[in-house]
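Taken in order, the sequence shown gives residues 174 to 485; the numbers are from the working numbering.
Below is one structure, written out as structure tokens, with a few remarks after it.
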Amino acid sequence: WEDIRSIRHGLEIKSGDRVFTLASGGGNAMTLLLDDPVEVVALDFSIPQLHLAKLQAACIKYLSYQEFINFVGVQNMEPEERVRIFNSIKGALEADVREYWNANTLDINQGIINCGDFEQRFKIFAEDAMNVALSPNQIETFLSMGDDMNEQRRYFQDVIDGEVFRRAYRRLGYWSFKGINTDIMPALDYPNIFLQHFLNKVKTTPMNQSYFMEFIFTWKHGVLTPLREYLQEENFEVLKDRIGRMKWLHGEMMNYFKTYPTLNQPKFDAMGLSNVTDLMTLSNHNAGYQQPSYLLFHCKAFYHLQVTSRLK
């Protein structure tokens, strides 16, 4: 859920670079292939996240574009058809990945990019809170705006903004930050911070270019806004051709870096460490700042913390 456009801008990946990133669900990690790195090493501490990433990678490798976006959950598809597609490619998966998804067919049924805890929180918001605060026509009109930012700002002020909407958005902020790691992130009033950030960004960010906003408001992909880059048809064949450059690893980031000098591997040219603070301890966080060439900046695509590094 970090804005991959900001990540790519910060990393400045060049053709032939070797890149390290956190795997997460795989979408952003695989998008980095569009910049033509020779290898993308994607590490994650979460085994389910890695299983999701590896299944998406297999889908890109073995399916057609239409099968891919239908299966992962961009478009509607009968659950039985998704299971059929999974069965057609599961033989190409590693045994542990295959066993995981065999045991989680309910997630396959709804589309694997929609099955995460974060995504389910957005579903509650879209179906319950937004349908109370706004009409479907108001939501569609708002998400179609952005070509004329003055018009977008006026529509938001005159039609969207109000106490019912603000209460709904604060509720989303509460659920989004519930369980936040306060070992690093301070215990603040995140619902109101979340709302205030949106109120600021709506003045400058075109709604019709924000897939984040479409998903948050409607729980849909690519109907009113562009799809995420790795889901776009024009990028599919490039990703299919380069998907073999992905290397998925399970592990804890700081332990991986500590042992890296013993692995006799070439250096990384760029590193993307997005939302790494979610699971890090304070001691690991502080140790990271002692490493050379780290750049910390706030990359604000409707509020998130982004850590990237370009190694010179």
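Note that the Cβ used here is the ideal one computed from N, Cα and C, for glycine as well.
- Its Cα nearest to that of R327, the residue T314 stands out among R294, V337, E336 and T314.
- The region 362–382 makes contact with the region 323–339, as at least three CB pairs between them are under 8 Å.
- Counting along the chain, M380 sits inside no alpha helix (DSSP H), nor does DSSP assign it H or E at all.
- DSSP places M203 inside the alpha helix (DSSP H), whose first and last residues are G200 to T204.
- Judged by DSSP secondary structure, M303 falls within the alpha helix (DSSP H) whose first and last residues are M303 to A306.
- From the listed residues N365, L404 and K440, the smallest Cα separation to R343 is found for N365.
- Taking a cut-off of 8 Å for Cβ pairs, the region 213–226 and the region 251–260 do not touch, as fewer than three such pairs fall below it.
- Contact between the region 272–282 and the region 413–427 is absent, with fewer than three C-beta pairs closer than 8 Å.
- By the neighbour-count criterion, in which 16 or more other beta carbons inside 10 Å mark a residue as buried, Y433 falls on the exposed side.
- In the same chain as A302, and ignoring 5 residues on each side of it, the C-beta atoms closer than 6 Å to its own belong to A341 and R344, in chain order.
- Annotation for H224: V270 and Y273 place their beta carbon closer than 6 Å to its own, counting only its chain and skipping 5 residues before and after.
- Shown here, M419 sits in a strand according to DSSP, grouped into three states.
- Around R418, the same chain offers L206, P210, V211, E212 and V213 as residues with beta carbons nearer than 8 Å, after the five sequence neighbours per side are excluded.
- Per DSSP, T278 is one residue of the alpha helix (DSSP H) stretching across T278 to Q283.
- One Cα belongs to M322, the other to M380, and the distance between them is close to 9 Å.
- Counting only the Cα atoms, R181 lies some 25 Å from F350.
- Per the coordinates, the alpha-carbon of L228 lies some 34 Å from the alpha-carbon of H370.
- Beyond the five residues adjoining it in sequence on each side, T194 comes within less than 6 Å, by CB distance, of A202, A215 and G445 in the same chain, given in chain order.
- By the neighbour-count criterion, in which a residue is buried when 16 or more other Cβ atoms sit within 10 angstroms of its Cβ, T398 is buried.
- Exclusion of the five residues before and after R255 leaves N243, F244, I281, N282 and G284 as the residues of its chain whose Cβ lies within less than 8 Å of its Cβ.
- Runs of the alpha helix (DSSP H) spanning 4 or more residues and lying entirely within the region 200–282 occur at 200–204, 220–235, 238–245, 252–262 and 268–275, in chain order.
- Boundaries of the alpha helix (DSSP H) harbouring L184: I177 to L184, taken from the DSSP string.
- In this structure, G198 is the residue among C232, G198 and T204 with its C-alpha nearest to the C-alpha of F218.
- Bridge partners of F193 according to DSSP: V214 and M444.
- Judged by DSSP secondary structure, K296 falls within the alpha helix (DSSP H) whose first and last residues are D290 to I297.
- Comparing alpha carbon positions, the residue from R191, D190, D176 and K234 closest to E410 is K234.
- The distance from the Cβ of F390 to that of L316 is about 6 Å, consistent with a contact at the 8 Å cut-off.
- The DSSP assignment places complete beta strand (DSSP E) segments of no fewer than 3 residues inside the region 386–438 at 419–423, in order along the chain.
- In the structure shown, G319 falls within a coil segment according to DSSP collapsed to helix, strand and coil.
- For the pair Y403 and H394, the CB atoms are not nearer than the 9 Å cut-off.
- In the displayed model, L361 falls within coil according to three-state DSSP, outside both helix and strand.
- Apart from sequence neighbours up to five positions away, the residues of its chain that approach G189 with a beta-carbon distance below 8 Å are D209, P210 and V211, ordered along the chain.
- The beta-carbon separation of R178 and F441, rounded to 21 Å, does not stay under the 8 Å limit for a contact.
- In this structure, the CA atom of Q293 is about 28 Å from the CA atom of A265.
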